[in-house]
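The sequence shown maps to residues 4 to 291 in the working numbering. We put the beta carbon where it would ideally sit given N, CA and C, even for glycine. No experiment lies behind these values; they were computed from the predicted model shown.
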Amino acid sequence: MPIFVIKHVTTYHYRQPVAFGEHRMMLRPRDDGDQIVLDTDIAIEPAPSRLSWTRDGLGNHIATAEFDDRAAELRFESTIRLDHAAMNFAADDIAEHARVFPFARGADHPPVVPPMPLHPRVRQWAEGFLRADGTADTYDLLVGMTQAIKSRFKHGARYQHGIQAPEQTLKLASGSCRDHSLLMITALRHLGFAARFVSGYLYLADADAGSEAELSGGNTHAWVQVYVPGPGWVDFDPASGTVGNQNLVRIAVVNDPRHAIPLQGSYFGRSADQIAMKVAVRVAAASA
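Pasting the structure below:
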């Protein structure tokens, strides 16, 4: 089991000292059975006058910082060490009654979030993974949709705020990891699956190559969790086409992607005062 060491630095630069409103952070990994946080530290400059922690209804950790001081730079540096256990997913893991879709949901099944109004193009795409009689092998449906997005859609960073509408992602056949994830979630909810958005980190194999002074290797990342009777919540990464939590560290699971922003806040000043925001992430691994 590897130990992942994650350093995430976000720096805001301003033309002159400004005052700051509350800043909300989702930077601490979840306490899930396959990832155990060993150490966590967050350094903030200027130091907040108050830093409080809470957990939301889905078990995500949220920190809120309040500030008294003005400054021309605001810097957040999060350092995490966690023990990570890779969990795979096979067809035999699925409870026997749920191996063919559609299947009956038991009392312990989480509620399915009602899908958004669907564009006809998205409905047609989702239903294309079913047989003519509306059934499918559950494993093949979930893995097939994940790998179809990987093979048929161009994946790349997209720096505009927000997430593309699923029909836009289909039309362009390209998008960011968050765009691909929303498309898959929307399609699965239409079919009747409990699916949710995951925000976190992706470990890249070359992350250990750089020095500690160079924050490179690893990314912030987004993917999908689907509730499957038997194993429970299973990770699916349509951006890479992989199934299971290999190299993935969960920070937040949410029903609405807008609730999974890693860091957000406000400042008091002119709009022209903000010069830049810089984000650097490094995810490294070592043997336990």
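query: When we look at the beta-carbon of Trp-56 and count the other beta-carbons within 10 Å, is it buried (16 or more) or exposed?
result: Exposure of Trp-56 is indicated by the presence of fewer than 16 other C-beta atoms within 10 angstroms of its C-beta.
- prompt: Using CA coordinates, which residue listed in Arg-285, Leu-77, Gly-36, Ala-94 is at the minimum distance from Asp-143?
  reply: Comparing Cα-Cα distances from Asp-143 to each of Arg-285, Leu-77, Gly-36, Ala-94, the minimum goes to Ala-94.
field: Run of the alpha helix (DSSP H) containing Arg-53, from where it starts to where it stops
entry: In this chain, Arg-53 is not harboured by any alpha helix (DSSP H); it is covered by the beta strand (DSSP E) spanning 53–58.
query: Between Phe-23 and Arg-53, what straight-line distance do the alpha-carbon atoms span, to the nearest angstrom?
result: Whole-angstrom Cα-Cα distance: 12 Å.
message: Measuring only the C-alpha atoms, how far is Ile-9 from Gly-272?
response: Looking at the two C-alpha atoms, the distance is approximately 32 Å.
- prompt: DSSP on Gln-228, reduced to helix/strand/coil?
  reply: Assigned with DSSP and collapsed to three states, Gln-228 falls in strand.
Bounding residues of the beta strand (DSSP E) (the contiguous stretch that carries Tyr-15): Following the DSSP letters along the chain, one finds Tyr-15 inside the beta strand (DSSP E) bounded by residues 5–28.
- request: List the whole-angstrom C-beta distance separating Val-40 from Ile-83, where the pair is believed to meet the contact cut-off of C-beta under 8 Å.
  value: Yes, they are in contact, since the Cβ atoms of Val-40 and Ile-83 sit about 7 Å apart, within 8 Å.
task: Scan the region 76–141 and note each continuous alpha helix (DSSP H) run of 4 residues or more that stays entirely inside, going in chain order.
output: Segments of the alpha helix (DSSP H) lying fully in the region 76–141: 123–130.
Sequence-distant residues of its chain with Cβ nearer than 6 Å to Asp-240 (five each side left out): Answer for Asp-240: Trp-226, listed in chain order.
field: Helix, strand or coil at Gly-203 [DSSP, three-state]
entry: DSSP places Gly-203 in the strand class (E or B) of the three-state scheme.
- request: Please say whether His-183 and Phe-156 have beta carbons closer to each other than 8 Å?
  value: Annotated as proximal: Phe-156 and His-183, with beta-carbon spacing under 8 Å.
- request: Determine, using beta-carbon pairs with one atom in the region 119–130 and one in the region 174–194, whether at least three such pairs fall under 8 Å.
  value: Counting Cβ pairs under 8 Å, three or more are found: they touch.
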